[in-house]
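Chemist: Residue numbers (my numbering): 15 to 640.
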Amino acid sequence: MSYTKLAPALRAGSDICLTRAVVSCRLRSTVASPRTKPSSESQEQQVDATCSVLKKAAAQVDHISQTENAWSKSKVFIDFENTKEAYKSKETSELLRSLLVFRLCTFDFLVDKNKELINLSRKVLGKRLFEQLMKMTFYGQFVAGEDQEAIKPLVRRNRAFGVGSVLDYGVEEDLTQEEAEKKEMESCVSEAEKESHGVDHREKKYKAHRRFGDRRGGVISARTYFYADEAKCDQHMETFLKCIEASGGSSEDGFSAIKLTALGRPQFLLQFSEVLVKWRRVFHLLAADQGKAGLSALDIKLEMKQLQESLAKLGLGAKDETQNWFTGEDLGMSGTVDLLDWNSLIDSRTKISNLLVVPNLETGQLEPLLSKFTDEEEMQMKRMLQRMDVLAKKALQHGVRLMVDAEQTYFQPAISRLTLEMQRKFNKEKPIIFNTYQCYLREAYDNVSLDVELSCREGWYFGAKLVRGAYMDQERSRAAEIGYADPINPDYEATNQMYHRCLDYVLEEIKRHRKANVMVASHNENTVKFTLQRMNEFGIHPSENKVYFGQLLGMCDQISFPLGLAGYPVYKYVPYGPVNEVLPYLSRRAQENRGIMKGSQRERLLLWTELHRRLLSGEIFYKPVY
Numbered sequence: 015m016s017y018t019k020l021a022p023a024l025r026a027g028s029d030i031c032l033t034r035a036v037v038s039c040r041l042r043s044t045v046a047s048p049r050t051k052p053s054s055e056s057q058e059q060q061v062d063a064t065c066s067v068l069k070k071a072a073a074q075v076d077h078i079s080q081t082e083n084a085w086s087k088s089k090v091f092i093d094f095e096n097t098k099e100a101y102k103s104k105e106t107s108e109l110l111r112s113l114l115v116f117r118l119c120t121f122d123f124l125v126d127k128n129k130e131l132i133n134l135s136r137k138v139l140g141k142r143l144f145e146q147l148m149k150m151t152f153y154g155q156f157v158a159g160e161d162q163e164a165i166k167p168l169v170r171r172n173r174a175f176g177v178g179s180v181l182d183y184g185v186e187e188d189l190t191q192e193e194a195e196k197k198e199m200e201s202c203v204s205e206a207e208k209e210s211h212g213v214d215h216r217e218k219k220y221k222a223h224r225r226f227g228d229r230r231g232g233v234i235s236a237r238t239y240f241y242a243d244e245a246k247c248d249q250h251m252e253t254f255l256k257c258i259e260a261s262g263g264s265s266e267d268g269f270s271a272i273k274l275t276a277l278g279r280p281q282f283l284l285q286f287s288e289v290l291v292k293w294r295r296v297f298h299l300l301a302a303d304q305g306k307a308g309l310s311a312l313d314i315k316l317e318m319k320q321l322q323e324s325l326a327k328l329g330l331g332a333k334d335e336t337q338n339w340f341t342g343e344d345l346g347m348s349g350t351v352d353l354l355d356w357n358s359l360i361d362s363r364t365k366i367s368n369l370l371v372v373p374n375l376e377t378g379q380l381e382p383l384l385s386k387f388t389d390e391e392e393m394q395m396k397r398m399l400q401r402m403d404v405l406a407k408k409a410l411q412h413g414v415r416l417m418v419d420a421e422q423t424y425f426q427p428a429i430s431r432l433t434l435e436m437q438r439k440f441n442k443e444k445p446i447i448f449n450t451y452q453c454y455l456r457e458a459y460d461n462v463s464l465d466v467e468l469s470c471r472e473g474w475y476f477g478a479k480l481v482r483g484a485y486m487d488q489e490r491s492r493a494a495e496i497g498y499a500d501p502i503n504p505d506y507e508a509t510n511q512m513y514h515r516c517l518d519y520v521l522e523e524i525k526r527h528r529k530a531n532v533m534v535a536s537h538n539e540n541t542v543k544f545t546l547q548r549m550n551e552f553g554i555h556p557s558e559n560k561v562y563f564g565q566l567l568g569m570c571d572q573i574s575f576p577l578g579l580a581g582y583p584v585y586k587y588v589p590y591g592p593v594n595e596v597l598p599y600l601s602r603r604a605q606e607n608r609g610i611m612k613g614s615q616r617e618r619l620l621l622w623t624e625l626h627r628r629l630l631s632g633e634i635f636y637k638p639v640y
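(1) When you compare each of E472, A428 and V414 to E448 by their alpha carbons, which one comes out closest?
(2) For the alpha helix (DSSP H) holding R628, just list the boundary residues, first then last.
(3) Quick one: which unbroken alpha helix (DSSP H) runs of 4-plus residues sit fully inside the segment 560-586? Chain order, please.
(4) Can you tell me whether G308 is buried or exposed, with buried defined as 16 or more other CB within 10 angstroms of its CB?
(5) Identify the residues that DSSP records as bridge partners of A478: which are they?
(6) L546 by DSSP, collapsed to three states: which one?
(7) Around the C-beta of Q199, are 16 or more other C-beta atoms found within 10 angstroms, so that it is buried, or is it exposed?
(8) Spell out the partners DSSP gives L416 in its beta bridges.
(9) Counting only the same chain and skipping the five closest in sequence on each side, list residues whose C-beta sits under 6 Å from that of P583.
(10) Report yes or no: do three or more beta-carbon pairs, one from the segment 184-203 and one from the segment 462-480, lie closer than 8 Å?
(11) When the Cβ atoms of the segment 148-167 are set against those of the segment 582-599, are three or more pairs found closer than 8 Å?
(12) Between the alpha carbons of T44 and Q511, how many angstroms are there, rounded?
(13) Between the C-alpha atoms of A458 and K292, what's the straight-line distance to the nearest angstrom?
(14) What separation, rounded to the nearest whole angstrom, lies between the Cα atoms of Y241 and L147?
(15) Should S557 be labelled buried (16 or more other beta-carbon atoms within 10 Å of its own) or exposed?
(16) Based on Cα-Cα distance, which residue from T106, A494, Y513 and I446 lies nearest to A409?
(17) When you compare the segment 562-578 with the segment 123-137, are there three or more beta-carbon pairs, one atom per stretch, that lie closer than 8 Å?
(18) Return helix, strand or coil for L455, following the three-state DSSP convention.
(19) Whose CA, out of Q155, E633 and G231, lies closest to the CA of E108?
(20) So D460 and A311 are in contact, right, with Cβ under 8 Å, and what is the actual spacing, rounded?
(21) Buried or exposed, going by whether 16 or more other CB atoms sit within 10 Å of the CB of A494?
(22) Are the segment 160-178 and the segment 544-558 touching, with three or more C-beta to C-beta distances below 8 Å?
(23) Sorted by chain position, which residues of the same chain lie with C-beta nearer than 6 Å to K442's C-beta, five sequence neighbours on each side aside?
(24) Whose C-beta lies closer than 7 Å to the C-beta of R225 among residues of the same chain, with five residues either side of it excluded?
(25) Between the Cα of S179 and those of E259, D352 and M486, spot the shortest distance and give me the residue it belongs to.
(26) Which first and last residues belong to the beta strand (DSSP E) in which S179 is found?
(27) Suppose you measure from the CA of S362 to the CA of Q572; what does that come to, to the nearest Å?
(28) If you compare alpha carbons, which of N531, M393, D518 and G227 is closest to F552?
(29) At 3 residues or longer, and completely inside the segment 133-189: list those beta strand (DSSP E) runs for me, N to C.
(30) Would you identify the three-state DSSP class for L316, choosing helix, strand or coil?
(31) Taking the alpha carbon of R526 as the point to measure from, which residue in E467, G564 and N540 has its own alpha carbon closest?
(32) Skipping 5 residues on each side, what residues in its chain have a beta carbon closer than 7 Å to that of E595?
(33) Hey, is the segment 399-408 in contact with the segment 271-288, meaning 3+ C-beta pairs nearer than 8 Å?
(34) From this set, E391, E539, R618 and K256, which residue's C-alpha is nearest Q285's C-alpha?
(35) By DSSP, does P589 sit in helix, in strand, or in coil?
(36) Would the C-beta of V169 count as close to the ligand SAM, meaning under 7 Å from any of its heavy atoms?
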């Protein structure tokens, strides 16, 4: 039993709390306890060992408390108004470029017609002059360079001023809307669905719809991949591998980002997501039957006896049959079943298509989601998982943290579950795999709290990136048109509250066990200040590298660099790639900045303030020294 698990109980100074902690750990053990009665001698040895552990645990708690007290007395205050510190890493020409680019982003005509204007400029100027113009403006602002060698100077300079890098190969396929829709429909519909002609038990949310086949629609802050074939997925994997190698070579604590829709046919993600959601829905139905509706997901505990009776009534299995469902390593040992126990029922299947089995409440049977799977579809599923495994092993080898980006809600349950399986495998000694949680979703808190709890039970390191979300307009339009519940929080303030609630939960877990890790990926200054305040209150020192901050390259330098110079782990998303191949990425940056710059002129005001300061102090030709 680890000291950290006992620490909260010892701090409480209560025998009852301590007993609960010990019992809890016993119940969560993944190894069945022997039934033989121990001898009195062995009992005495166990008591002595327990006393020894408790004494060490108490000493550990004292040390933690002293550390927290020392840190709370030396709270760090960061002045985000100090432009000299914020732009210490920038030449004056870079400040002028930022002002120009941000100003251009406020003109609707330029942003709305950016693709047409780019194509016209390329024709008029020619390839060489066009690329030079882009490097002096948008490309130079938001992209680090054309290849892994070209980005090294910027990565080194940022590192010298306390800012790390999350490398991201920014090349995107420039498809027409018709091409994107065709690819999506072909890759998201199985052979069984084609033969059924719409007569199946699939839910409409988890089926492909041509109207929303172009997943780029309404999305300005995330890259979109479309499935072409298995060879293309292998190319994407090779690109991710190169990013991981570059991250490992450029710093000792780098991150790299991947998307699962780049690694395989999205049909599998749709189907697996539907299975997971249906199983979870049955759990909540059973909870309502026990009078436990309305509780948060983590607080619902189903009584075993009543659960077996309910399953029998629903026709999902006789009592003696369902009893075998909960006799595994750690299922039902406490006499209750929670959602984490329930979710584990669909683990450990050998053939991947066997995962896609759902409870049918009408027939009372466990049925396959689809009538059949072709051998090729089975192999496509396996290849996606194999590619994920290759990337995770490469990240572990190079000491790079791997962040799995979030995607649309009809893919996300499967993406989160597959990421969780990677965390179980690779996060045993340190956090290597990070999942992404979109806090504009109504179920964000349940998702975060369940995964944190699972990591505690199983003893691996929880890793999360918290974002507000990239697909809001698209998600709302799709839900309204197809006819299912809107998954998005009602307004921006509700999303802010959800973000802070999820963040608070993870920070409290860090305070208790020091095993969770979180990246606060936000350009919102209030959220950053909230995080700093809670870190001070919880005694979480930046040198522990438990809380990271993340912003995009070319944006919010007034947040990133003061944090880095104060010793906080902060990272920039650093895209790179040839000029002509990152134009779709630059188009999205222009659209994103239009909203930001129209809503607030703060960043432009700070840039002007720093220019004015340099002019008056004779530093107009300032060059950073590092």
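Each residue gets a CB set at the ideal place from its N, CA and C atoms; glycine is no exception.
These figures come from a predicted structure and were not determined experimentally.
Modeler: The relevant details are as follows:
(1) Taking the sequence shown and counting its residues from 1, one reaches residue 448 at position 434. The amino acid at residue 448 is misidentified as Glu; the sequence shows Phe. Residue V414 is the option with its Cα nearest to F448.
(2) In the sequence shown, the residue the question calls residue 628 occupies position 614. Counting along the chain, R628 sits inside the alpha helix (DSSP H) bounded by residues R616 to S631.
(3) 571-579
(4) Counting from 1 along the sequence shown, the entry for residue 308 is found at position 294. Exposed, because fewer than 16 other Cβ atoms sit within 10 Å of the Cβ of G308.
(5) Numbered from its first residue, the sequence shown carries residue 478 at position 464. Paired residues: N449 and V532.
(6) For the purposes of this step, residue 546 is taken as the residue at position 532 of the sequence shown. L546: helix per DSSP, three-state reduction.
(7) To locate residue 199, count along the sequence shown from 1; it is residue 185. Looking at the sequence provided, one finds Met at residue 199 rather than Gln. By the 10 Å Cβ count, M199 comes out exposed.
(8) Locating residue 416 in the sequence shown gives position 402, counting from the first residue. Per DSSP, S270 and I447.
(9) Counting from one through the sequence shown, the residue named residue 583 turns up at place 569. For P583, where only same-chain residues beyond five positions count, the Cβ hits under 6 Å are N559 and Y562.
(10) no
(11) yes
(12) As a first step, residue 44 must be located in the sequence shown, where it is residue number 30. As a first step, residue 511 must be located in the sequence shown, where it is residue number 497. Interpretation of T44 is limited by its pLDDT of 33, a score under 50 that renders its predicted location unreliable; the figure taken from the coordinates is listed afterwards. Whole-angstrom Cα-Cα distance: 36 Å.
(13) By one-based count along the sequence shown, residue 458 stands at place 444. By one-based count along the sequence shown, residue 292 stands at place 278. Going from the Cα of A458 to the Cα of K292 covers about 18 Å.
(14) One-based indexing of the sequence shown puts residue 241 at position 227. One-based indexing of the sequence shown puts residue 147 at position 133. In a straight line, the C-alpha of Y241 is about 33 Å away from that of L147.
(15) Reading the sequence shown from its first residue, position 543 is the one you call residue 557. So S557 counts as exposed.
(16) In the sequence shown, residue 409 corresponds to position 395, counting from 1. Ranking the options by Cα distance to A409, first place goes to I446.
(17) No: fewer than three Cβ pairs fall under 8 Å.
(18) For the purposes of this step, residue 455 is taken as residue 441 along the sequence shown, with counting starting at 1. Reduced to three states, the DSSP call for L455 is strand.
(19) Stepping through the sequence shown from its first residue, residue 108 is reached at position 94. Nearest of Q155, E633 and G231 to E108, Cα basis: Q155.
(20) Translated into the one-based positions of the sequence shown, residue 460 becomes position 446. Translated into the one-based positions of the sequence shown, residue 311 becomes position 297. At roughly 4 Å, the Cβ-Cβ gap stays under 8 Å, so D460 and A311 are in contact.
(21) Within the sequence shown, numbered from 1, the residue matching residue 494 stands at position 480. It counts as exposed.
(22) Contact between the segment 160-178 and the segment 544-558 is absent, with fewer than three C-beta pairs closer than 8 Å.
(23) As a first step, residue 442 is located in the sequence shown; it is residue number 428 there, counting from the start. Around K442: W474.
(24) Here residue 225 refers to the residue found at position 211 of the sequence shown. Only E495 meet the Cβ criterion.
(25) Taking the first residue of the sequence shown as position 1, residue 179 is located at position 165. In terms of CA proximity to S179, E259 leads the group E259, D352 and M486.
(26) The sequence position of residue 179 within the sequence shown is 165, counting from 1. Here the beta strand (DSSP E) through S179 covers V177 to Y183.
(27) Along the sequence shown, one-based indexing puts residue 362 at 348. Along the sequence shown, one-based indexing puts residue 572 at 558. Its pLDDT being 42, under 50, S362 is placed unreliably by the model, and the measurement read from it follows with that caveat. Taking the straight line joining both Cα atoms gives about 48 Å.
(28) For this step, residue 552 is matched to residue 538 along the sequence shown. That would be D518, whose Cα lies nearest to the Cα of F552.
(29) 177-183
(30) For the purposes of this step, residue 316 is taken as the residue at position 302 of the sequence shown. If DSSP states are grouped into helix, strand and coil, L316 belongs with the strands.
(31) Along the sequence shown, read from residue 1 onward, the residue named residue 526 stands at position 512. Nearest of E467, G564 and N540 to R526, Cα basis: E467.
(32) Within the sequence shown, residue 595 is the residue found at index 581, counting from 1. The answer, listed in chain order, is V185.
(33) Of all C-beta pairs linking the segment 399-408 to the segment 271-288, three or more are shorter than 8 Å, placing the two stretches in contact.
(34) Position 271 of the sequence shown, counting from 1, holds the residue named residue 285. Nearest of E391, E539, R618 and K256 to Q285, Cα basis: E391.
(35) What you label residue 589 is simply residue 575 of the sequence shown in a count that begins at 1. P589: strand per DSSP, three-state reduction.
(36) What this structure holds is no ligand at all, so the ligand SAM is not there to describe.
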